[in-house]
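Position one of the sequence shown corresponds to residue 6 (this note's numbering), numbered consecutively onward.
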Amino acid sequence: MFNLTNEIYHDADKARQHLEAIHWPHGPFCPHCGNADPERITKMAGKSTRPGVYKCNECRLPFTVTVGTVFERSKIGLHKWVLASHLYASSKKGMSAHQLHRMLGVTYKTAWFMAHRIREAMKEDVASAGPIGGEGKTVEADETYIGKRETPRKHRKGHPYTKKGKGGGAQKRIVVGLVERGGKARMFHLNDATASTVRDVLVRNVSRDTTLYTDSSRLYTVTGEEYASHKTTNHSAGEYVRYEGAETIHSNTIEGVFSVFKRGMIGVYQHCGEAHLHRYLAEFDFRYNRRAALKVSDAERASDLLRMARDKRLTYRRIGETSYT
(Lines of atoms letter the chains of each structure in order from A and count residues from 1; the text may use other names and numbers.)
(Lines give C-alpha, C1' and ligand atoms only; values in the text may rest on other atoms or scores of the structure.)
Protein backbone atom coordinates (compact mmCIF):
# COMPACT_ATOMS: atom_id res chain seq x y z
CA MET A 1 0.00 0.00 0.00
CA PHE A 2 1.22 3.50 -0.87
CA ASN A 3 2.52 5.33 2.20
CA LEU A 4 3.46 8.94 1.52
CA THR A 5 5.43 9.08 4.78
CA ASN A 6 7.86 6.40 3.57
CA GLU A 7 11.42 7.72 3.74
CA ILE A 8 12.14 6.81 0.10
CA TYR A 9 9.86 9.71 -0.92
CA HIS A 10 11.60 12.28 1.32
CA ASP A 11 15.24 11.23 1.68
CA ALA A 12 17.53 11.01 -1.37
CA ASP A 13 19.82 8.46 0.32
CA LYS A 14 16.90 6.18 1.21
CA ALA A 15 15.60 6.52 -2.35
CA ARG A 16 19.04 5.56 -3.71
CA GLN A 17 19.14 2.51 -1.46
CA HIS A 18 15.66 1.56 -2.68
CA LEU A 19 16.83 1.86 -6.29
CA GLU A 20 19.96 -0.19 -5.54
CA ALA A 21 17.84 -2.97 -4.04
CA ILE A 22 15.78 -3.08 -7.25
CA HIS A 23 18.64 -2.85 -9.77
CA TRP A 24 21.33 -4.67 -7.80
CA PRO A 25 19.61 -7.54 -5.96
CA HIS A 26 22.90 -9.51 -6.02
CA GLY A 27 25.25 -6.58 -5.46
CA PRO A 28 26.48 -3.72 -7.65
CA PHE A 29 27.65 -4.22 -11.21
CA CYS A 30 29.50 -1.81 -13.47
CA PRO A 31 27.25 -0.31 -16.17
CA HIS A 32 30.33 0.62 -18.21
CA CYS A 33 31.92 -2.83 -18.66
CA GLY A 34 29.44 -5.21 -17.02
CA ASN A 35 31.80 -6.33 -14.25
CA ALA A 36 29.86 -7.86 -11.33
CA ASP A 37 32.74 -9.34 -9.31
CA PRO A 38 32.35 -7.88 -5.79
CA GLU A 39 36.12 -8.17 -5.25
CA ARG A 40 36.72 -5.94 -8.28
CA ILE A 41 34.26 -3.21 -7.24
CA THR A 42 35.09 -0.70 -4.50
CA LYS A 43 32.64 1.55 -2.70
CA MET A 44 34.18 5.00 -2.58
CA ALA A 45 34.18 6.99 0.64
CA GLY A 46 35.43 10.32 1.84
CA LYS A 47 34.16 13.83 2.47
CA SER A 48 34.53 14.86 -1.18
CA THR A 49 32.64 11.81 -2.50
CA ARG A 50 28.88 11.84 -2.73
CA PRO A 51 27.00 8.82 -1.34
CA GLY A 52 26.46 5.78 -3.54
CA VAL A 53 29.56 6.08 -5.75
CA TYR A 54 31.43 2.89 -6.65
CA LYS A 55 34.59 2.33 -8.68
CA CYS A 56 35.12 -0.56 -11.04
CA ASN A 57 38.66 -1.94 -10.79
CA GLU A 58 38.31 -3.52 -14.26
CA CYS A 59 37.58 -0.41 -16.36
CA ARG A 60 38.63 2.00 -13.56
CA LEU A 61 35.50 4.13 -14.01
CA PRO A 62 33.23 5.41 -11.22
CA PHE A 63 29.48 4.76 -11.30
CA THR A 64 26.28 4.95 -9.30
CA VAL A 65 23.00 3.06 -9.59
CA THR A 66 21.56 5.84 -11.78
CA VAL A 67 24.19 5.50 -14.54
CA GLY A 68 22.52 4.15 -17.67
CA THR A 69 19.00 5.00 -16.46
CA VAL A 70 16.62 7.86 -17.23
CA PHE A 71 17.69 9.37 -13.88
CA GLU A 72 21.34 9.75 -14.88
CA ARG A 73 22.91 13.22 -14.45
CA SER A 74 19.67 14.62 -13.05
CA LYS A 75 20.04 17.38 -10.46
CA ILE A 76 16.59 16.56 -9.11
CA GLY A 77 16.63 14.66 -5.81
CA LEU A 78 16.28 10.92 -6.36
CA HIS A 79 13.49 10.80 -3.78
CA LYS A 80 11.43 13.07 -6.05
CA TRP A 81 12.06 10.73 -8.98
CA VAL A 82 10.90 7.75 -6.90
CA LEU A 83 7.75 9.59 -5.79
CA ALA A 84 6.97 10.76 -9.33
CA SER A 85 7.42 7.22 -10.63
CA HIS A 86 4.98 5.87 -8.05
CA LEU A 87 2.43 8.57 -8.89
CA TYR A 88 2.55 7.78 -12.61
CA ALA A 89 2.48 4.03 -12.01
CA SER A 90 -0.61 4.25 -9.80
CA SER A 91 -2.66 6.94 -11.59
CA LYS A 92 -4.98 5.04 -13.93
CA LYS A 93 -5.59 7.98 -16.25
CA GLY A 94 -2.20 9.65 -15.80
CA MET A 95 -1.03 12.81 -14.10
CA SER A 96 -0.42 16.18 -15.72
CA ALA A 97 2.96 17.89 -15.53
CA HIS A 98 1.23 20.85 -13.82
CA GLN A 99 0.00 18.54 -11.05
CA LEU A 100 3.47 17.01 -10.74
CA HIS A 101 5.13 20.41 -10.51
CA ARG A 102 2.77 21.42 -7.69
CA MET A 103 3.24 18.18 -5.75
CA LEU A 104 7.03 17.96 -6.07
CA GLY A 105 7.80 21.66 -5.76
CA VAL A 106 9.75 21.76 -9.04
CA THR A 107 9.27 24.06 -12.03
CA TYR A 108 6.73 23.14 -14.70
CA LYS A 109 9.54 22.69 -17.25
CA THR A 110 11.29 20.25 -14.93
CA ALA A 111 8.06 18.35 -14.22
CA TRP A 112 7.30 18.11 -17.96
CA PHE A 113 10.73 16.63 -18.67
CA MET A 114 10.47 14.25 -15.70
CA ALA A 115 7.11 13.02 -16.99
CA HIS A 116 8.56 12.24 -20.43
CA ARG A 117 11.54 10.44 -18.91
CA ILE A 118 9.17 8.32 -16.83
CA ARG A 119 7.11 7.50 -19.96
CA GLU A 120 10.32 6.50 -21.71
CA ALA A 121 11.01 4.08 -18.84
CA MET A 122 7.49 2.65 -19.24
CA LYS A 123 8.16 1.64 -22.83
CA GLU A 124 7.99 -2.13 -23.27
CA ASP A 125 10.56 -3.96 -25.39
CA VAL A 126 8.02 -5.68 -27.65
CA ALA A 127 10.76 -7.18 -29.84
CA SER A 128 12.19 -9.26 -26.99
CA ALA A 129 8.74 -9.92 -25.46
CA GLY A 130 7.57 -11.58 -28.68
CA PRO A 131 4.08 -11.62 -30.15
CA ILE A 132 0.90 -11.74 -28.09
CA GLY A 133 -1.79 -14.37 -28.59
CA GLY A 134 -1.04 -17.91 -29.70
CA GLU A 135 -2.81 -21.23 -30.06
CA GLY A 136 -6.13 -21.23 -28.22
CA LYS A 137 -5.90 -17.52 -27.46
CA THR A 138 -7.91 -14.56 -28.70
CA VAL A 139 -6.68 -11.10 -29.69
CA GLU A 140 -8.93 -8.15 -30.44
CA ALA A 141 -7.77 -5.46 -32.87
CA ASP A 142 -9.24 -2.05 -33.63
CA GLU A 143 -8.25 1.46 -34.58
CA THR A 144 -9.24 4.80 -33.11
CA TYR A 145 -8.72 8.45 -33.98
CA ILE A 146 -7.79 11.16 -31.49
CA GLY A 147 -6.85 14.83 -31.62
CA LYS A 148 -5.99 16.76 -34.74
CA ARG A 149 -3.02 16.13 -36.96
CA GLU A 150 -0.48 18.93 -36.70
CA THR A 151 0.29 18.60 -40.40
CA PRO A 152 -3.01 17.99 -42.24
CA ARG A 153 -2.89 15.17 -44.75
CA LYS A 154 -3.27 16.34 -48.33
CA HIS A 155 -5.34 14.76 -51.08
CA ARG A 156 -3.43 13.38 -54.05
CA LYS A 157 -4.31 16.46 -56.11
CA GLY A 158 -2.92 18.72 -53.41
CA HIS A 159 -6.20 19.61 -51.71
CA PRO A 160 -6.98 18.92 -48.06
CA TYR A 161 -9.00 15.75 -47.60
CA THR A 162 -12.57 16.66 -46.65
CA LYS A 163 -15.88 14.89 -46.35
CA LYS A 164 -18.91 17.07 -47.04
CA GLY A 165 -16.92 20.15 -46.11
CA LYS A 166 -15.63 18.70 -42.83
CA GLY A 167 -12.27 17.22 -41.92
CA GLY A 168 -12.69 13.44 -41.75
CA GLY A 169 -10.73 10.82 -39.85
CA ALA A 170 -7.82 11.51 -42.18
CA GLN A 171 -7.24 14.77 -40.28
CA LYS A 172 -6.95 13.00 -36.91
CA ARG A 173 -4.11 11.07 -35.30
CA ILE A 174 -4.37 7.34 -35.87
CA VAL A 175 -3.92 4.74 -33.13
CA VAL A 176 -4.15 0.98 -33.72
CA GLY A 177 -4.68 -1.17 -30.65
CA LEU A 178 -4.28 -4.89 -29.92
CA VAL A 179 -5.30 -6.70 -26.76
CA GLU A 180 -5.11 -10.34 -25.76
CA ARG A 181 -8.14 -11.31 -23.74
CA GLY A 182 -7.03 -11.71 -20.16
CA GLY A 183 -3.54 -10.55 -21.17
CA LYS A 184 -1.64 -7.56 -22.45
CA ALA A 185 -2.38 -4.65 -24.77
CA ARG A 186 -0.26 -2.80 -27.30
CA MET A 187 -1.11 0.52 -28.96
CA PHE A 188 0.67 2.08 -31.92
CA HIS A 189 0.64 5.52 -33.52
CA LEU A 190 0.40 5.23 -37.31
CA ASN A 191 0.86 7.92 -39.91
CA ASP A 192 -1.67 6.21 -42.21
CA ALA A 193 -4.33 3.58 -41.56
CA THR A 194 -4.31 1.31 -44.62
CA ALA A 195 -4.66 -2.44 -45.01
CA SER A 196 -0.88 -2.56 -45.52
CA THR A 197 0.14 -0.54 -42.45
CA VAL A 198 -2.36 -2.31 -40.20
CA ARG A 199 -1.19 -5.70 -41.50
CA ASP A 200 2.38 -4.76 -40.60
CA VAL A 201 1.33 -4.06 -37.00
CA LEU A 202 -0.65 -7.29 -36.77
CA VAL A 203 1.90 -9.73 -38.20
CA ARG A 204 4.73 -8.26 -36.11
CA ASN A 205 2.77 -8.37 -32.86
CA VAL A 206 0.20 -11.18 -33.02
CA SER A 207 1.00 -14.88 -33.44
CA ARG A 208 -0.57 -16.46 -36.56
CA ASP A 209 -2.03 -19.25 -34.37
CA THR A 210 -4.36 -16.70 -32.77
CA THR A 211 -8.11 -16.25 -33.13
CA LEU A 212 -8.56 -12.65 -34.27
CA TYR A 213 -11.67 -10.58 -33.45
CA THR A 214 -12.27 -7.23 -35.18
CA ASP A 215 -15.09 -5.12 -36.52
CA SER A 216 -16.03 -5.46 -40.19
CA SER A 217 -13.53 -2.83 -41.39
CA ARG A 218 -11.78 -3.65 -44.68
CA LEU A 219 -8.48 -2.93 -42.94
CA TYR A 220 -8.58 -6.47 -41.50
CA THR A 221 -10.38 -8.47 -44.19
CA VAL A 222 -7.38 -9.86 -46.10
CA THR A 223 -4.93 -10.00 -43.18
CA GLY A 224 -7.49 -11.90 -41.10
CA GLU A 225 -7.17 -14.82 -43.50
CA GLU A 226 -3.56 -15.30 -42.33
CA TYR A 227 -4.73 -16.18 -38.81
CA ALA A 228 -6.13 -19.38 -37.33
CA SER A 229 -9.57 -17.78 -37.31
CA HIS A 230 -10.95 -14.30 -37.95
CA LYS A 231 -14.39 -13.35 -36.64
CA THR A 232 -16.05 -9.93 -37.01
CA THR A 233 -19.00 -7.93 -35.72
CA ASN A 234 -20.88 -5.46 -37.90
CA HIS A 235 -20.97 -2.19 -35.96
CA SER A 236 -22.66 -0.30 -38.79
CA ALA A 237 -25.64 -2.67 -38.42
CA GLY A 238 -25.70 -2.23 -34.64
CA GLU A 239 -24.05 -5.59 -33.95
CA TYR A 240 -21.47 -5.32 -31.16
CA VAL A 241 -21.58 -8.85 -29.73
CA ARG A 242 -22.28 -12.16 -31.44
CA TYR A 243 -22.40 -15.67 -29.97
CA GLU A 244 -21.27 -18.77 -31.83
CA GLY A 245 -21.59 -21.69 -29.46
CA ALA A 246 -19.18 -21.07 -26.59
CA GLU A 247 -17.54 -18.16 -28.44
CA THR A 248 -18.37 -14.57 -27.53
CA ILE A 249 -17.32 -12.48 -30.51
CA HIS A 250 -16.72 -8.78 -29.89
CA SER A 251 -14.02 -6.11 -29.77
CA ASN A 252 -15.28 -4.52 -26.55
CA THR A 253 -12.05 -5.25 -24.66
CA ILE A 254 -9.91 -3.09 -26.93
CA GLU A 255 -12.68 -0.48 -26.93
CA GLY A 256 -12.32 -0.41 -23.14
CA VAL A 257 -8.55 0.11 -23.46
CA PHE A 258 -9.20 3.01 -25.84
CA SER A 259 -11.79 4.43 -23.43
CA VAL A 260 -9.33 4.73 -20.53
CA PHE A 261 -6.68 6.14 -22.89
CA LYS A 262 -9.02 8.81 -24.28
CA ARG A 263 -10.37 9.81 -20.88
CA GLY A 264 -6.80 10.32 -19.73
CA MET A 265 -5.76 12.25 -22.82
CA ILE A 266 -8.84 14.48 -22.84
CA GLY A 267 -9.52 14.83 -19.11
CA VAL A 268 -5.99 14.89 -17.68
CA TYR A 269 -3.48 15.80 -20.37
CA GLN A 270 -5.84 17.85 -22.59
CA HIS A 271 -3.07 18.53 -25.11
CA CYS A 272 -0.38 16.26 -26.55
CA GLY A 273 2.08 17.13 -29.30
CA GLU A 274 1.98 14.54 -32.06
CA ALA A 275 5.71 13.92 -31.65
CA HIS A 276 5.07 12.70 -28.10
CA LEU A 277 1.97 10.55 -28.68
CA HIS A 278 3.95 7.28 -28.81
CA ARG A 279 5.19 7.88 -25.24
CA TYR A 280 1.68 8.50 -23.92
CA LEU A 281 0.60 5.23 -25.57
CA ALA A 282 3.49 3.46 -23.81
CA GLU A 283 2.31 4.94 -20.49
CA PHE A 284 -1.24 3.61 -20.83
CA ASP A 285 0.01 0.24 -22.12
CA PHE A 286 2.32 -0.06 -19.10
CA ARG A 287 -0.46 0.46 -16.58
CA TYR A 288 -2.99 -1.75 -18.41
CA ASN A 289 -0.49 -4.60 -18.67
CA ARG A 290 0.01 -4.43 -14.89
CA ARG A 291 -3.58 -3.76 -13.90
CA ALA A 292 -5.18 -4.81 -10.64
CA ALA A 293 -7.16 -7.52 -12.49
CA LEU A 294 -3.82 -9.28 -13.10
CA LYS A 295 -3.12 -9.13 -9.33
CA VAL A 296 -0.46 -6.40 -9.67
CA SER A 297 -0.36 -3.87 -6.83
CA ASP A 298 0.59 -0.20 -7.11
CA ALA A 299 3.88 -0.91 -5.30
CA GLU A 300 4.76 -3.75 -7.68
CA ARG A 301 3.88 -1.57 -10.67
CA ALA A 302 6.10 1.24 -9.35
CA SER A 303 8.98 -1.19 -8.77
CA ASP A 304 8.61 -2.48 -12.33
CA LEU A 305 8.79 1.09 -13.58
CA LEU A 306 11.98 1.83 -11.64
CA ARG A 307 13.49 -1.45 -12.88
CA MET A 308 12.61 -0.62 -16.51
CA ALA A 309 14.35 2.76 -16.25
CA ARG A 310 17.71 1.16 -17.12
CA ASP A 311 19.22 1.52 -20.62
CA LYS A 312 16.72 4.21 -21.59
CA ARG A 313 18.51 7.55 -21.51
CA LEU A 314 16.42 10.45 -22.80
CA THR A 315 17.86 13.85 -23.71
CA TYR A 316 16.09 17.11 -24.57
CA ARG A 317 17.06 16.67 -28.24
CA ARG A 318 15.57 13.17 -28.44
CA ILE A 319 12.43 14.06 -26.56
CA GLY A 320 10.94 15.90 -29.55
CA GLU A 321 11.56 13.17 -32.11
CA THR A 322 8.43 11.84 -33.80
CA SER A 323 8.05 8.06 -33.77
CA TYR A 324 5.60 6.27 -36.02
CA THR A 325 5.24 2.51 -36.06
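Each residue gets a CB set at the ideal place from its N, CA and C atoms; glycine is no exception.
Identity of the residues DSSP links to residue i by a beta bridge
{"i": "F68", "result": "Y59"}
{"i": "V301", "result": "Answer by DSSP bridge pairing: none, since V301 is not bridged."}
{"i": "E12", "result": "In DSSP, E12 forms no bridge with anything."}
{"i": "H194", "result": "V180"}
{"i": "L109", "result": "Answer is none; L109 lacks a bridge partner."}
{"i": "S234", "result": "T216"}
{"i": "D147", "result": "G182"}
{"i": "R315", "result": "T74"}
{"i": "I46", "result": "C61"}
{"i": "I137", "result": "V211"}
Beta-carbon contacts of residue i that lie in its chain and below 8 Å, excluding the five residues immediately before and after
{"i": "N331", "result": "Since the first residue shown for the chain is 6 and the last is 330, residue 331 is missing from the structure and cannot be characterised."}
{"i": "E244", "result": "T238"}
{"i": "V265", "result": "K97, K98, F289 and Y293"}
{"i": "K171", "result": "In this predicted model, K171 has a pLDDT of only 43, less than 50, meaning its place in the structure is not dependable enough to derive any value."}
{"i": "E25", "result": "P33, G57 and V70"}
{"i": "R213", "result": "E231, Y232 and A233"}
{"i": "M49", "result": "V58, Y59, K60 and P67"}
{"i": "D316", "result": "G73 and T74"}
{"i": "R268", "result": "K98"}
{"i": "V111", "result": "I81, K85, L105 and M119"}
Beta-carbon proximity list for residue i, same chain, < 6 Å, skipping 5 on both sides
{"i": "G82", "result": "A17"}
{"i": "E63", "result": "C38, N40 and R45"}
{"i": "A116", "result": "A102, L105 and H106"}
{"i": "L109", "result": "K85"}
{"i": "H235", "result": "L217 and G229"}
{"i": "P43", "result": "G32"}
{"i": "K19", "result": "E12 and I13"}
{"i": "P136", "result": "N210, V211 and S212"}
Cβ pair residue i, residue j closer than 8 Å
{"i": "L183", "j": "A126", "result": "no"}
{"i": "Y14", "j": "L88", "result": "yes"}
{"i": "F76", "j": "A251", "result": "no"}
{"i": "R21", "j": "V70", "result": "yes"}
{"i": "I259", "j": "V246", "result": "no"}
{"i": "V180", "j": "I151", "result": "yes"}
{"i": "R296", "j": "S95", "result": "no"}
{"i": "T143", "j": "Y218", "result": "yes"}
{"i": "D220", "j": "H194", "result": "no"}
{"i": "E279", "j": "R191", "result": "no"}
{"i": "T47", "j": "Y59", "result": "yes"}
{"i": "E185", "j": "G141", "result": "no"}
{"i": "R284", "j": "H121", "result": "yes"}
{"i": "V273", "j": "M100", "result": "yes"}
{"i": "L224", "j": "V211", "result": "no"}
{"i": "A198", "j": "E155", "result": "no"}
{"i": "F291", "j": "E129", "result": "yes"}
Chain-order list of residues whose beta-carbon lies under 7 Å from that of residue i (same chain, five-residue window excluded)
{"i": "S90", "result": "I123, A307, L310 and L311"}
{"i": "K52", "result": "none"}
{"i": "W29", "result": "V70"}
{"i": "I27", "result": "S308, L311 and R312"}
- Task: Counting only runs of 3+ residues fully inside the stretch 246-301, write out the beta strand (DSSP E) ranges in chain order.
- Result: 247-249 and 252-254
- With a cut-off of 8 Å, do at least 3 Cβ pairs link the stretch 226-236 to the stretch 195-212? yes
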